[in-house]
Amino acid sequence: MSNQAKKMKTNKAQLVFFVLLLILILGSFFVFPRIVVPFGIAYVLSLILKPVIRLFYTDSIERKIAGAFASIIGVVLLFYPFVELTKTITKESQRIDFYLPRLEAYLRNKYALFTEFLMNRFNYELSFNPVDQLIEFGQQSTKVVVAYLPKLLTSTLELSLLIPLFLYFILKDERSFRKNFLKIVPNSFVERFYYLYYQFNTKFGDYIFAKFIEASIVGFIITIGLLIIDYPFPILLGLTAAITNILPYIGPIVGFVPALVIGLVDQSLTGVFPSMIFLYVIANIIDLAFVFPILVSKIVNLHPVIVVASVLIGSQFAGVAGMIISIPLAAFLQMLVQEIYYEIYKRS
Amino acid sequence: MSEEKKVLEQYKEGPEAFKTSRTEIATLKYYWQISPLSGLKSKNIPRFLRKIEVFKNFNDSELKTLSRFMHERVYNAGEQVFEEGDSGFGFYLIYSGGIELFSKNPATNENELITSYGEYDYFGELALLERRNRRNASAICSSSSTLLTLYTPDLEELIEKHPIVGARFIQAVGFVISQRFIKLSEDFKLLHNKVCNEQPSEENEN
Chain A
129 MSNQAKKMKT NKAQLVFFVL LLILILGSFF VFPRIVVPFG IAYVLSLILK PVIRLFYTDS
189 IERKIAGAFA SIIGVVLLFY PFVELTKTIT KESQRIDFYL PRLEAYLRNK YALFTEFLMN
249 RFNYELSFNP VDQLIEFGQQ STKVVVAYLP KLLTSTLELS LLIPLFLYFI LKDERSFRKN
309 FLKIVPNSFV ERFYYLYYQF NTKFGDYIFA KFIEASIVGF IITIGLLIID YPFPILLGLT
369 AAITNILPYI GPIVGFVPAL VIGLVDQSLT GVFPSMIFLY VIANIIDLAF VFPILVSKIV
429 NLHPVIVVAS VLIGSQFAGV AGMIISIPLA AFLQMLVQEI YYEIYKRS
Chain B
227 MSEEKKVLEQ YKEGPEAFKT SRTEIATLKY YWQISPLSGL KSKNIPRFLR KIEVFKNFND
287 SELKTLSRFM HERVYNAGEQ VFEEGDSGFG FYLIYSGGIE LFSKNPATNE NELITSYGEY
347 DYFGELALLE RRNRRNASAI CSSSSTLLTL YTPDLEELIE KHPIVGARFI QAVGFVISQR
407 FIKLSEDFKL LHNKVCNEQP SEENEN
């Protein structure tokens, strides 16, 4: 066999091995969810913590120590508020018992008024009762949640052990792992592969970090505002606003709905109801006018239609997690298409 | 008398001096430390970088940091490192072996050899500075080669984590580009003079 043919064979073997390994890694995402979920959370946390690590990372501080320190911060960041909030949320949740019968009565009352209006105005009688269906659905969902609770607790315990472990090793060994992985990338496309990997990681990391900060700011403003105007469930509503804020466009509206429902149901809140609406509007204006343009817009430069479409597609495939990752993924795909376009059309 | 001076004196006296004196741990340690072969590898990456002119501003610790961000890649003889027109994201140092740079002649559409590089040479530096860099020549290994590479993402990470080393590296790349530019302008001057000198003689002939 000639030397040239031998080289070709080696190159082909390298390529096949690399492609198979990539398929294996991507395939494991679907086959081992018990590993992939904590790993994914640890990865997202590592992206949030990377700017923190940069703050105290110097030559004198070993990467191991930096990683361990950041892991501790990550765990505290994740679990301390969780533990503290659980107490408050439990307290606030007990108050929901007080609101649920009121909500039911409010809905039944409104439904009765609506059917009466239809009867008097158009002489039409509604044949179905959505309020009963809604209440039945609520009861069924509660039963499912209660039945699922022990399983949820077990998986939370498992996650609380695995996430810090994965987080520590991601922070400590990410670079050496990346360096070793690049060794098996064939020479012919190592430059492009590494560049795309880096772009994806940067876009994803920057987006997650920016969204985390943005959600925290919105949640903080709403919690403080609700505490000042003495509105019920300030922490729960602030947390809901922060979490829903991660979703673009529809998020702020979804986050506003629980506060609106509470305000409509509880007649004693009529006085502070306009202040609550004003607070949500102000929080979202601050977000749209200051936080979003400074933090997020430079990272994701996508057309609004693409953003909405990608969120819908993401939710269809992976629920809430899909909605969150869909935007940086869409930004990466846009960049990939631009690169391919550039490669094909502008090469000459 | 310091250990170093003592050993030097013994060395001047000749091998007999060593026979009479007792072998001391300190002496052994001294020879071990001055030996260019001490350490695991006689040629490791920081030592290799030390021998490159453009990295003379780096101290040993900075070279060690820089070497941690570099990738060692092995290429077969005749294997292409990159092709003319490819997007470029890496700067290469020749650790061992050799590289030939070819450029396509638009008239004949054939690759023509521009230059050859050997050990301790470097190429592809523009890729680190330009956003959408296009390689202006094809690089092919003339023999089995080991190249040290610093890719754009590594440089960004280096600047973020070790700003001083990053700045020194950018300065080094600046030196490389200025050297290439000086060479280019000298070539251009030569060419210009040649063309100017040829033109009057052609006119005289006419």
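Protein sequence lines correspond, in order, to chains A and B. Converting from the first sequence to the numbering used here requires adding 128 to each position, the first position being numbered 1. Converting from the second sequence to the numbering used here requires adding 226 to each position, the first position being numbered 1. Just so you know, even glycine gets a beta-carbon here, dropped at the ideal spot from N, CA and C.
Let me know the secondary structure DSSP gives residue i once reduced to three states.
i, result
"A/S398", "One point to set straight first is that residue 398 of chain A is Thr, not Ser, in the sequence displayed. DSSP places A/T398 in coil when its eight states are reduced to three."
"B/T341", "strand"
"A/S174", "helix"
"B/S329", "strand"
"B/L266", "Note that B/L266 scores 49 on pLDDT, short of 50, meaning its location in the model is unreliable; the coordinates nonetheless yield the value given after this. B/L266: coil per DSSP, three-state reduction."
"B/I278", "coil"
"B/H297", "strand"
"B/S404", "helix"
"B/G316", "strand"
"B/S322", "strand"
"A/F265", "helix"
"A/F160", "coil"
"B/F284", "coil"
"B/E382", "helix"
Just to confirm my understanding: we take residue i, look at its own chain, exclude 5 residues before and 5 after, and list those with CB closer than 6 Å. What are they?
i, result
"B/N331", "E338"
"A/Y252", "L246"
"B/T291", "H388, V391"
"A/L372", "Correcting the residue type first, residue 372 of chain A is Thr in the shown sequence and not Leu. G379, V382, G383."
"B/D312", "R361"
"B/P433", "The shown model of chain B, from 227 to 432, leaves out residue 433 of chain B, and the question about it has no answer."
"A/I169", "I291"
"A/G442", "G450, M451, S454"
"B/V280", "A398, F401, V402"
"B/E250", "none"
Quick one: residues in its chain with C-beta nearer than 8 Å to the C-beta of residue i, no 5 flanking neighbours on either side, listed in chain order?
i, result
"A/F146", "I312, V313, P314"
"A/L262", "L235"
"A/Q444", "G450"
"A/D394", "Y227, R230, P360"
Output yes or no for whether 9 Å exceeds the beta carbon distance between residue i and residue j.
i, j, result
"B/E424", "B/I366", "no"
"B/T378", "B/R299", "no"
"B/E305", "B/N362", "no"
"B/S342", "B/S322", "no"
"A/I374", "A/I291", "no"
"B/E351", "B/F308", "no"
"A/E471", "A/L324", "no"
"B/N283", "B/Q405", "no"
"B/Y346", "B/L319", "yes"
"B/Q418", "A/K307", "Before going further, note that residue 418 of chain B is His rather than Gln in the sequence given. No, the Cβ-Cβ distance between B/H418 and A/K307 is not below 9 Å."
"A/L254", "A/V165", "no"
"A/G399", "A/A369", "no"
"A/L175", "A/I201", "no"
"A/V439", "A/P386", "no"
"A/F328", "A/F460", "yes"
"A/V172", "A/I336", "yes"
"B/N270", "B/S370", "no"
"B/L416", "B/L381", "no"
"B/G448", "B/G344", "Past the edges of chain B, shown from 227 to 432, lies residue 448 of chain B, and the structure says nothing about it."
Leaving out the 5 sequence neighbours to the left and right, which residues in its chain are closer than 7 Å to residue i when beta-carbon positions are compared?
i, result
"A/F167", "F294"
"A/I414", "I349"
"A/E81", "Because chain A here runs from 129 to 476, residue 81 of chain A falls outside it and cannot be looked at."
"B/F328", "N337, E338, L339, I340, A363, S364, I366"
"A/V436", "Y377"
"A/S344", "A370"
"A/N412", "P380"
"A/G391", "L397, F401, M404"
Are the region 318-338 of chain A and the region 351-365 of chain A in contact at 8 Å, needing three or more beta carbon pairs?
No, they do not touch.
I'd like the ranges of any beta strand (DSSP E) spanning at least 3 consecutive residues and lying wholly in the region 332-377 of chain B.
Whole beta strand (DSSP E) segments, 3+ residues: 336-343, 364-367, 371-377.
Counting pairs of Cβ atoms below 8 Å between the region 427-438 of chain A and the region 397-406 of chain A, do you hit three or more?
Contact between the region 427-438 of chain A and the region 397-406 of chain A is absent, because fewer than three Cβ pairs lie under 8 Å.
Suppose only complete runs of 4+ residues qualify. What are the alpha helix (DSSP H) ranges in the region 304-375 of chain A, listed by chain order?
You should have 318-356, 362-372.
Given 8 Å as the limit, is there contact between the region 263-273 of chain A and the region 297-311 of chain A, that is, 3 or more CB pairs closer than that?
Not touching, per the Cβ criterion.
Whole alpha helix (DSSP H) runs in the region 238-284 of chain A with 4 or more residues, listed along the chain?
Within the region 238-284 of chain A, no complete alpha helix (DSSP H) run reaches 4 residues.
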